[in-house]
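A.B. asks: Take 24 as the starting number for the sequence shown in the working numbering and just add one per residue.
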Amino acid sequence: MTHATEAATETVHLLPQTRHLRALHTGMRDRDADRAVFVRNAGRIHRRLVEAGLELLPFEPYDVQTPVGRTYRGVRLTSQVCGVCIARAGDSMETALTEAAPSARIGKILIQRDPVTKLPRLYYAKLPDDVAQRHVLLLDPMLATGGTALAAIDILLDRGVPEAHIVLVNVLSAPEGIAAVRKRFARVRIVTSSIEERLNENAYMLPGIGDFGDRYFGTDPVR
Ligand code: URA
Numbered sequence: 024m025t026h027a028t029e030a031a032t033e034t035v036h037l038l039p040q041t042r043h044l045r046a047l048h049t050g051m052r053d054r055d056a057d058r059a060v061f062v063r064n065a066g067r068i069h070r071r072l073v074e075a076g077l078e079l080l081p082f083e084p085y086d087v088q089t090p091v092g093r094t095y096r097g098v099r100l101t102s103q104v105c106g107v108c109i110a111r112a113g114d115s116m117e118t119a120l121t122e123a124a125p126s127a128r129i130g131k132i133l134i135q136r137d138p139v140t141k142l143p144r145l146y147y148a149k150l151p152d153d154v155a156q157r158h159v160l161l162l163d164p165m166l167a168t169g170g171t172a173l174a175a176i177d178i179l180l181d182r183g184v185p186e187a188h189i190v191l192v193n194v195l196s197a198p199e200g201i202a203a204v205r206k207r208f209a210r211v212r213i214v215t216s217s218i219e220e221r222l223n224e225n226a227y228m229l230p231g232i233g234d235f236g237d238r239y240f241g242t243d244p245v246r
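Shown next as structure tokens:
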């Protein structure tokens, strides 16, 4: 991990746990937070996560001339980027990516747990034809059991994306989900803003945030 925590690994990149980041989390995790606060804070965290994800991709030297006649020895991303949103919660992260990387293509995957088999089932996938030539930021705010992430990574690999070109971007990650991804796909990098304590018996993260999609899109039951 790029920042020290107990679950330190090479593949997990935890955002620096600054007081500002913790304040954003505090606003979102508060069960009494109204939706506007939740959405605003989520957007600010998404921007940090996406920037950290892009930082893991390869860059190449790229010089430009400044208006005062000097050369700035800059860099630019070497390869094209594709953001893949795991619907529905991952859709909330799309804007952060297109703001940071306007040329990024956006794919969508909808996977839901089959009520009978309890296994993740693919309902929809639309990816750019050239996805195999791109680096992919796989966007889902919640990495809980890892079942959905594993199914989504399988789809990307089927379409020819190399494992090492996939960065999974999450707001909250459970140790169980991280372990599941690392066990099957050791070369997939994970960027997260928090590693939670564990999952509860209903596969919600603790201390957690509740149902991200419901809180973000305002479909949570009225208390
Ligand atoms: N999905 C969520 O929205 N929240 C969790 O805690 C786990 C999965």
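Beta carbons are placed, not taken as given, at the ideal position from N, Cα and C, and that holds for glycine.
Predicted, not measured: the structure shown is a model, and the values here were computed from it.
Quick one: measure Cβ to Cβ for G97 and Y85, integer angstroms, because I've assumed they're closer than 8 angstroms.
C.D. replies: 5 angstroms
A.B. asks: Is N225 helix, strand or coil when you go by DSSP?
C.D. replies: coil
A.B. asks: Which residue's Cα is closest to the Cα of G169: E186, L160 and L191?
C.D. replies: L191
A.B. asks: Using alpha carbons as the reference points, say which of L173, C108, G236 and S196 lies closest to I218.
C.D. replies: Among L173, C108, G236 and S196, the Cα nearest to that of I218 belongs to S196.
A.B. asks: Let me have the residue list for ligand 1: C-beta closer than 5 angstroms to any non-hydrogen atom, ordered along the chain.
C.D. replies: M165, A167, Y227, M228, G231, D234 and F235
A.B. asks: Can you tell which of N223, H43, K131 and I109 has its C-alpha closest to the C-alpha of G236?
C.D. replies: I109
A.B. asks: Using CA coordinates, which residue listed in L161, D114, V194 and Y227 is at the minimum distance from L38?
C.D. replies: V194
A.B. asks: Please determine if the segment 118-133 and the segment 152-162 are in contact, where contact requires at least 3 C-beta pairs separated by less than 8 angstroms.
C.D. replies: yes
A.B. asks: Shortest alpha-carbon distance to L44 belongs to which of I68, F61, H36 and D177?
C.D. replies: I68
A.B. asks: Measuring alpha carbon to alpha carbon, tell me which residue in Q135, L150 and G66 is nearest R128.
C.D. replies: In terms of Cα proximity to R128, the closest of Q135, L150 and G66 is L150.
A.B. asks: Confirm, please, whether the CB-CB distance from A172 to G130 is below 8 angstroms.
C.D. replies: In this structure, G130 keeps its C-beta atom at 8 angstroms or more from the C-beta atom of A172.
A.B. asks: Express the C-alpha separation of A175 and R182 in angstroms, rounding to a whole number.
C.D. replies: Approximately 11 angstroms between the Cα atoms of the pair.
A.B. asks: Output the distance between the C-alpha atoms of D243 and V91, rounded to the nearest integer angstrom.
C.D. replies: Roughly 55 angstroms between the two C-alpha positions.
A.B. asks: Flag D86 as yes if its beta-carbon sits less than 8 angstroms from any beta-carbon of chain D, otherwise no.
C.D. replies: You won't find chain D in this structure, because it holds only one protein chain.
A.B. asks: Report the three-state DSSP secondary structure of D237 (helix, strand or coil).
C.D. replies: In this structure, DSSP gives D237 a helical state, which the three-state scheme calls helix.
A.B. asks: Three-state secondary structure (DSSP) at Q40?
C.D. replies: Residue state for Q40 is assigned as coil, using DSSP reduced to three classes.
A.B. asks: Can you name, in chain order, every residue of its own chain whose Cβ lies under 6 angstroms from the Cβ of R52, other than the five neighbours on each side?
C.D. replies: The residues are I232.
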